[in-house]
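See below for the structure under consideration.
Right, dumping it as structure tokens:
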């Protein structure tokens with residue numbers, strides 16, 4: 001279930017993963033969720049002559065900043081991307097206030113297109129996102145918590161099957177974090193897995209084309225709120241459960257995220273769970 005990839009931009013928003021053996025980003029399975037259940041989730045759209053084409057997902061982390069995958073922003077400048085709010089039902093057009101222009105894209109300088117290492121970017125919006133009961137931010141997870149074996153939730157508008165169409169309402173999928181050692185063994189020799197990545201696996205279910213850049217969240221028992229632990233990066237071509245999904249581990253990039261927010265020229269401070 002990968003978030004929002006248009007047919008014209010598949011190669012871009014999945015960083016040509018389909019062109020590589022076995023690889024493609026992906027929700028198959030899961031269930032539709034209620035409006036405003038995850039108010040921090042947004043879409044990214046590529047600006048076209050007719051408006052925009054949805055390409056990826058993202059998460060609001062301050063009123064001025066959205067976090068997404070670096071591969072979603074490859075070869076795109078700020079004037080070619082918009083942030084899409086109020087996107088729960090894509091059959092209903094967004095209001096004018098739901099399309100936010102972008103001022104700056106800060107892609108990780110060490111993003112590796114081939115390995116997908118450092119697959120993370122910060123998008124600074126041109127005007128602050130107004131928080132209300134339907135729109136809000138998600139807090140980040142600081143380093144130190146071992147997530148292995150924990151249940152996390154991936155969100156997206158991606159396809160329900162590999163050759164299917166993008167869905168118009170988002171789905172959620174509860175999945176399990178597995179160790180990097182197991183993930184590395186399952187992917188070998190197709191891909192390397194490092195400590196800045198976070199792998200998940202569910203029997204019979206997976207993310208799919210269109211979910212890239214979207215949130216992977218953990219519910220914190222103490223507060224009953226969600227915290228962002230990952231950004232959807234890639235999975236196996238075909239959207240099957242044969243091999244684990246790979247996400248960018250947000251906690252590994254906290255200093256970098258804070259630096260990008262400080263360098264963006266607008267106010268913003270992420271919250272932490």
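Numbering (my numbering), first residue to last: 1 to 273. Where is the CB? At the ideal position from N, CA and C, for every residue including glycine. These numbers come from a predicted model, not from an experiment.
Annotated as proximal: residue 59 and residue 215, with beta-carbon spacing under 7 Å. Residue 184: member of the alpha helix (DSSP H) spanning 180–187, first to last residue. For residue 54, the enclosing beta strand (DSSP E) covers residues 51–62. Annotated as distal: residue 232 and residue 140, with beta-carbon spacing of 7 Å or more. Closest option to residue 101, judged by alpha-carbon separation, among 175, 36 and 66: 66. Fewer than three Cβ pairs drawn from the stretch 182–201 and the stretch 66–85 lie within less than 8 Å of each other, which leaves the two stretches out of contact. The beta carbon of residue 142 lies closer than 7 Å to those of 251, 254 and 272 in the same chain, with the five residues before and after it left out. Measuring C-alpha to C-alpha distances from residue 126 to each of 243, 83 and 120 identifies 83 as the nearest.
Rounded to the nearest angstrom, the gap between the Cα atoms of residue 170 and residue 115 is 28 Å.
Membership of residue 120 in any alpha helix (DSSP H) is not indicated, and neither H nor E is assigned to it by DSSP. Shown here for residue 220: same chain residues with a beta carbon closer than 6 Å to its own, the five before and five after excluded, namely 227 and 273 in chain order.
Under the three-state reduction of DSSP, residue 250 is assigned to helix.
In the three-state DSSP reduction, residue 98 falls in the helix class (H, G or I).
Straight-line spacing of the CA atoms in residue 63 and residue 268 works out to 7 Å. Annotation for residue 42: the continuous beta strand (DSSP E) segment containing it runs 41–48.
Note that the C-beta distance between residue 264 and residue 124 is below 7 Å.
With respect to the 7 Å criterion, residue 120 and residue 200 are not classified as neighbours on the basis of their beta carbons. In this structure, the beta-carbon distance from residue 270 to residue 105 does not fall below 7 Å. Leaving aside the five residues that flank residue 103 on each side, the residues in its chain whose CB is nearer than 7 Å to its CB run, in chain order, 78, 124, 125 and 126.
Sequence-distant partners of residue 183 (beyond 5 residues in either direction) whose C-beta falls short of 6 Å from its own C-beta, in its chain, are 193, 199 and 244. DSSP, read as helix, strand or coil, puts residue 171 in strand. Taking C-alpha positions only, residue 41 is separated from residue 51 by approximately 21 Å.
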